[in-house]
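A short write-up of the structure that comes next.
Below you can see the structure in the form of structure tokens.
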């Protein structure tokens with residue numbers, strides 16, 4: 002091959018390199034081994050072949066010279082290193098293991114959860130219902146679910162479902178909200194109210210111990226219909242309870258003289274006529290025996306009940322130190338003044354799960370707590386309005402719509418809209434809301450209304466104490482930003498002095514070698 006032809010060999014190799022780089026870039030961007038990629042690879046092969054044909058002597062020298070020997074050693078070392086890495090990757094893939102290197106073990110399951118998983122007798126499947134809008138929440142919960150899978154001895158699996166593309170699955174498991182977890186065991190399932198380790202483990206324990214969990218809705222006094230699917234009904238609450246493996250039933254104390262023994266709680270949802278004294282006595286006997294009561298009361302201006310002659314109101318005040326006031330909550334913070342807005346919550350297991358969600362209460366009455374009235378009873382306020390609210394007591398003003406605050410008669414805000422009480426002797430519990438509208442089908446999914454009531458029923462039914470996990474303590478860390486002088490010193494060392502020293506050293510070596518040449 003003449004010298005004139007050999008001079009084109011470098012151009013052929015350059016063409017091959019450019020074609021290879023182009024093929025790699027095109028494939029990375031388009032993720033497809035398509036026609037442009039094939040054409041560029043073909044040009045690369047042609048370029049390499051042309052370079053060899055144009056200057057075969059250079060190729061022969063490269064393959065037989067000292068550089069070839071050193072190059073072959075480098076290739077062998079690279080192949081050996083790749084082989085070691087491949088074997089290590091295979092062993093890691095076939096024997097997965099995770100190590101929590103955080104100081105507080107924030108990514109490790111608690112001992113109670115590990116014990117629960119070690120005692121599983123049936124497979125458990127955790128289904129996460131997340132739309133693309135909640136992808137960040139889905140990604141944040143994945144490490145926790147992975148821990149359940151790793152420690153489940155092959156009995157715990159999880160997957161994610163998009164409820165928009167698969168609404169049938171969401172309806173099957175009673176999922177009504179985005180970013181919801183469902184725990185499935187056998188033929189039963191339970192929707193968790195919060196995507197936390199405690200909620201997931203509690204759901205597993207409940208499903209592994211399928212005891213009868215039944216709550217009753219009182220009937221006979223114009224209460225909210227648990228079967229009602231209209232805006233005023235409670236069918237959404239019933240569905241939410243059944244999704245958590247509760248059984249619901251009606252209870253008429255006018256025909257049944259006592260509360261059934263299997264009742265975990267009795268719900269009195271917005272009676273429009275007063276209960277009889279005998280019915281309240283039956284409820285009192287049930288609660289005194291360790292039962293629980295959830296009372297959702299409406300203002301007397303709505304129900305026309307005489308507050309002073311209401312046996313249930315008298316029972317709540319005399320036996321539990323919670324007085325339902327004869328007023329109507331007016332809240333100027335709300336766009337509709339007769340809708341009370343929750344501006345703050347009390348510290349309690351019920352509100353701890355609200356996750357900064359608000360709640361609102363149409364046509365509510367306020368409560369007054371009397372903590373020293375009943376010995377052995379602990380009362381706690383749950384929901385509070387803001388200072389721009391008050392409890393209107395003038396029913397004529399309410400009827401005419403001409404309401405204004407009267408400091409002599411009205412109850413000034415902030416007001417208590419919901420409260421709980423617990424008796425230490427028999428562990429009986431009572432929850433009282435000054436409203437029942439907030440949990441109707443029309444408002445159940447408004448803000449945190451439904452969650453607030455379901456959490457309250459869980460607490461009343463003693464389901465919040467099913468499992469208590471060891472709390473994880475987070476060590477607080479504080480980062481003090483460096484001063485201006487420190488930032489300047491860091492810049493000088495990392496950007497100027499160290500790179501400058503490397504450049505000076507390189508130039509000095511180059512000059513020394515040049516003088517020696």
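In this note's numbering, the protein residues as written are 2 to 518.
In this text, a Cβ means the ideal position worked out from N, Cα and C, and glycines have one as well.
Proximal residues to residue i (C-beta, below 8 Å), its chain only, five neighbours per side dropped
i           : result
residue 264 : 215, 216, 217, 252, 287 and 292
residue 44  : 16, 17 and 20
residue 385 : 343, 344, 345, 346, 347, 415, 416, 417 and 418
residue 491 : 483
residue 335 : 341, 342 and 361
CB contact flag (residue i, residue j, <8 Å)
i           : j           : result
residue 258 : residue 283 : yes
residue 163 : residue 132 : yes
residue 371 : residue 318 : yes
residue 348 : residue 379 : no
residue 418 : residue 343 : yes
residue 254 : residue 219 : yes
residue 393 : residue 331 : yes
residue 243 : residue 187 : no
residue 267 : residue 223 : no
residue 185 : residue 193 : no
residue 203 : residue 442 : no
residue 10  : residue 56  : yes
residue 38  : residue 27  : yes
C-alpha distance - residue i paired with residue j, whole-angstrom precision
i           : j           : result
residue 313 : residue 179 : 38 Å
residue 281 : residue 316 : 7 Å
residue 83  : residue 46  : 25 Å
residue 501 : residue 495 : 9 Å
residue 412 : residue 449 : 26 Å
residue 231 : residue 360 : 21 Å
residue 320 : residue 455 : 24 Å
residue 54  : residue 85  : 37 Å
residue 308 : residue 191 : 40 Å
residue 126 : residue 182 : 10 Å
residue 437 : residue 329 : 13 Å
residue 113 : residue 453 : 27 Å
residue 241 : residue 121 : 26 Å
residue 168 : residue 462 : 31 Å
residue 532 : residue 294 : Since the first residue of the chain shown is 2 and the last is 518, residue 532 is not available in this structure.
residue 512 : residue 109 : 58 Å
residue 117 : residue 368 : 41 Å
residue 435 : residue 210 : 35 Å
residue 400 : residue 196 : 45 Å
As assigned by DSSP and simplified to three states, the class of residue i
i           : result
residue 413 : strand
residue 337 : coil
residue 46  : helix
residue 191 : strand
residue 55  : helix
residue 126 : strand
residue 181 : strand
residue 22  : helix
residue 245 : coil
residue 288 : helix
residue 262 : coil
residue 196 : coil
residue 215 : strand
residue 149 : helix
residue 114 : helix
residue 140 : helix
residue 251 : strand
residue 34  : coil
residue 28  : helix
residue 160 : strand
residue 236 : helix
residue 174 : coil
residue 268 : strand
residue 346 : strand
residue 274 : coil
residue 484 : coil
residue 294 : strand
Residues near residue i in its chain [Cβ-Cβ closer than 7 Å; skip 5 each side]
i           : result
residue 374 : 322
residue 352 : 346 and 383
residue 338 : 331 and 332
Cut-off 6 Å between Cβ atoms - residues of its own chain near residue i, not counting five sequence neighbours on either side
i           : result
residue 340 : 361 and 363
residue 423 : 379 and 430
residue 406 : 391
residue 60  : 53
residue 238 : 440
residue 523 : Since the displayed the chain opens at 2 and closes at 518, residue 523 lies outside it and no answer follows.
residue 464 : none
Handout entry: 3-residue-minimum beta strand (DSSP E) runs that sit fully inside the region 355–400, ordered along the chain
Key = 361–363, 368–370, 378–385 and 390–393
Handout entry: Secondary structure, beta strand (DSSP E): runs of 3+ residues fully inside the region 309–333
Key = 323–325 and 329–332
Exercise for the section: Enumerate, from N- to C-terminal direction, the unbroken beta strand (DSSP E) stretches of 3 or more residues contained entirely within the region 420–472. Expected result: 430–434
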